[in-house]
Structure formats: structure tokens, C-alpha cells
């Protein structure tokens, strides 16, 4: 997570973001008839909309760079030296189907991890989106977490002073504060969901499912005490050099989060929550979403 605190990278990110416009729109939102709970919430709302609709691009479907026709995935190829410099350990090859006539066009899709490269390409799937968006959240001054889900998805959280806790946000979907999006909207059956920040690691799985008992039944990778111990070890290591006042503040936030997570099942049953339908997944082709079990239908926790 230290990479997201790198001054050079943060400065580069701020050059990419129309800071004055983003802050002006956040201010306008707070002065509207429907303001959010605090300025940080408004900033997160405006930023995720801009990132999704104006800045980053979803990789699929990948058109042929020569004729503009469809391509088919043709497996993986070794990365070039340049691609390796960008952290691409694997490169997808997509070849033209020839639907527009004879064409031998192809497109290499390196799965970059390097944040500078991602700011150049502005292209990716959920991994690239969440990776770069973590940096952009930090660039506008929001505390950020990178959230990993074992069932092959990643997203983010930011800290809301008004709520006193971490709030879900997913740049792929332009979503904010929709923690049941994946379970109720996508129909995704999830097990492990871990959030990482500069201050440690936390098991936030209960906050993203409607039924935590069924979620725990899907967890077989490690004994629960062992997982909790490892996350506590990571957190202690990350906070080793923090001041006593910082440690007190972080401990209070940890307790607030534990209380919030413990009440997740009950919140999911509240009438207001039951009325709010979550949308199916927006990003990705229909075939890709169906193959991943994310095409909708809801009820991932049922």
C-alpha cells in the first residue's frame, strides 16, 4: 500500500484529475437539495463518476486495431521487455475474426500493475481499475482501502468522517455506498473479502453479504482464528511507528467497524434495504459476466 503514498505518483495522478472541476462539482452537490453527509462523501461521489465515465476504459470487447471488427481471445503470450517494466507478468493476445474481410490484425493486452503505465493506457479490467483508483482516491485527499474478494473481484473503500467508517466504492460500476451490489445485484456468492490500507488489513466480508452464516459456510481456506491472527499481525506491523494519538484514533475506528460489521445481517433485513434493488453488473460483456456468475439474478447470499 505504500505505493499509493508515493509523492511522485500522487503528483502525476493530480495532473490527470481535473481537480478544480471535481471539487467544484462536489461543492455544488453539497449546496444542492440533496447533499451528502459530508464533503468527503461528495468528493468520492463526483470522483467515481468522472473516473468511470470520462477517464478509464473497460478492456472488453476489444476491437481489431486494423479493421475495427471483433476479436477472439487467443491465449497468453510472453511479455516484452517494455511490458515487463510495467509489471505485466502476463499478456493476453486477441486476434481479429476477419468478419470485415481478410485481416490479420491482433491486439496485445498487457495486464499492467505499474501505476504510471495505467495512467498512460487508461485501459483494464477490475484489477487495473481498482489499482489506479486507489491512487486517485489518495490524490484527492481521501483515505483509501483496496478491497480484495477471493471470487475474483477487487474494489475500493474510502473513509467517511461523517459516518465514522469506511464506505464502499467501485470505479468499474461508478458505485458508492452500495455494499450489497455484488451479493444482491450480481448474484455473486462470496467468501473472503479483505480490505488493505496503509494502516493494516481487515476482514470486511460480513459487510458485503446479506447472510453471513451462509458466507462463513463457504470459507474453507483457513481456520477463522488463524485468519484473524494473521490480519492482526499485518495491522500491528503497519502501525508499529504510529504515534500514541494515532493508535488511539485507529483503535476507535476499528471498534466502530467491528460494530458496523456485526450488524450487517440485521441491516440487510430492514424494510428500507429490502426495497432497494441493486443493479446487475454493468462492466464487461454479457458472456464474460455469465461465465463468472455475475450476470445478475441477485440472491447471492440466499
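In UniProt numbering, the protein residues as written are 1 to 302.
Think of the CB as a built atom: it goes at the ideal place given N, C-alpha and C, for glycine as much as any other residue.
Under 8 angstroms by Cβ, that's how I've got residue i and residue j pegged, so tell me the actual separation to the nearest angstrom.
i	j	result
residue 281	residue 294	5 angstroms
residue 258	residue 247	No, residue 258 and residue 247 are not in contact; Cβ-Cβ is about 16 angstroms, not under 8 angstroms.
residue 179	residue 207	5 angstroms
residue 200	residue 256	That belief does not hold up - the Cβ atoms of residue 200 and residue 256 are roughly 14 angstroms apart, past 8 angstroms.
residue 136	residue 268	Incorrect: roughly 30 angstroms between the Cβ atoms, too far for contact.
residue 185	residue 296	7 angstroms
Please state the DSSP three-state secondary structure of residue i.
i	result
residue 9	helix
residue 235	helix
residue 140	coil
residue 57	strand
residue 304	The structure shown does not extend to residue 304, since the chain is modelled only from 1 through 302, so no value can be given for it.
residue 284	coil
residue 226	helix
residue 170	strand
residue 184	helix
residue 96	strand
residue 110	strand
residue 277	coil
residue 149	strand
residue 240	coil
residue 105	coil
residue 295	coil
residue 127	helix
residue 2	helix
residue 14	helix
residue 176	strand
residue 301	For residue 301, the predicted model reports a pLDDT of 40, less than 50, meaning its position is unreliable; a value from the coordinates is still stated below. Here residue 301 sits in coil by DSSP.
What are the start and end residues of the alpha helix (DSSP H) that includes residue i?
i	result
residue 162	Counting along the chain, residue 162 falls outside any alpha helix (DSSP H), and DSSP gives it neither H nor E.
residue 216	212-217
residue 25	19-30
residue 90	Segment: none, residue 90 is in no alpha helix (DSSP H) and carries neither H nor E.
residue 246	244-262
residue 195	Here residue 195 belongs to no alpha helix (DSSP H); instead the beta strand (DSSP E) covers 193-197.
residue 49	39-50
Counting only the same chain and skipping the five closest in sequence on each side, list residues whose C-beta sits under 6 angstroms from that of residue i.
i	result
residue 58	283
residue 219	191
residue 176	44, 45, 48 and 169
residue 122	56 and 57
residue 148	154 and 194
residue 42	26, 29, 30 and 36
residue 19	none
residue 126	153, 154 and 172
residue 94	62, 71, 73 and 107
Below 8 angstroms CB to CB, which residues in the same chain sit around residue i once its five sequence neighbours on both sides are set aside?
i	result
residue 67	96, 100, 101, 103 and 105
residue 302	Low local confidence applies: a pLDDT of 36 at residue 302 is under 50, so the model's placement there is unreliable, with the coordinate-based value given in what follows. 210, 211 and 214, listed in sequence order.
residue 79	88, 89, 90, 91 and 110
residue 231	194, 200, 201, 202 and 203
residue 228	203
residue 9	3, 115, 116 and 135
residue 263	none
In terms of residues, what are the limits of the beta strand (DSSP E) holding residue i?
i	result
residue 71	71-77
residue 120	Segment 115-121 is the alpha helix (DSSP H) holding residue 120; no beta strand (DSSP E) there.
Using C-beta distances below 7 angstroms, list every residue in its chain close to residue i, excluding the 5 sequence neighbours before and after it, in chain order.
i	result
residue 145	156, 157, 166, 195, 196 and 197
residue 86	110, 112, 114 and 117
residue 134	4, 144, 146 and 156
residue 83	91 and 110
residue 279	185
residue 265	211 and 212
residue 234	200 and 201
residue 150	191 and 192
residue 243	none
I'd like to confirm something about residue i: is its beta-carbon nearer than 7 angstroms to some heavy atom of the ligand ATP, or not?
i	result
residue 18	As far as ligands go, the structure on display features none, and thus does not contain the ligand ATP.
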